[in-house]
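Since the structure comes first, as structure tokens, the remarks are kept for the end.
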Amino acid sequence: QVQLVESGGGLVQSGGSLRLSCAASREIIGWLTMAWYRQSPEKTRELVARLFPSGSTDYVDFIKGRFTISRDSGKNELHLQMNNLNPGETAVYYCNIYTADDEFWGQGTQVTVST
């Protein structure tokens, strides 16, 4: 089993930045995607960004150019740099790792963007 632990959330003013991190308890061999999702009380969980083993990335339209997903393979960490945040992006952010046989989720980290 793999444990994922997110960190880096908090309170930030509109227009501000945060960098989220997700630490995996061990290296995951053969992963297919690493991703960040978010969920606010009013919405279902939604994909924010994905990273593929090739290094390519995929972002949803509403965050393109503002968020960057990256990986530190030496530390088994996934990151999400978020810039120019707005209050509508207040949510719990989750990291996700998907393999051919399993799927892992972290417990989430709260991001609150104030006006």
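With the working numbering, the residue at position 7 of the sequence shown is 7, and numbering never jumps. Note that the Cβ used here is the ideal one computed from N, Cα and C, for glycine as well.
The three-state secondary structure of I29, taken from DSSP, is coil. The segment 15-28 and the segment 41-55 do not touch, with fewer than 3 CB-CB distances between them shorter than 8 Å.
With distances taken between CA atoms, R38 lies nearest to Y93 out of R71, Y93, L51, T99. Boundaries of the beta strand (DSSP E) around F104: 103-105. Separation of the CB atoms of D58 and R50 is rounded to 4 Å, and the pair is thereby assigned contact status at 8 Å. Annotation: V48 to N84 spans about 15 Å, alpha carbon to alpha carbon. Around Q110, the same chain offers G9, V92 as residues with beta carbons nearer than 7 Å, after the five sequence neighbours per side are excluded.
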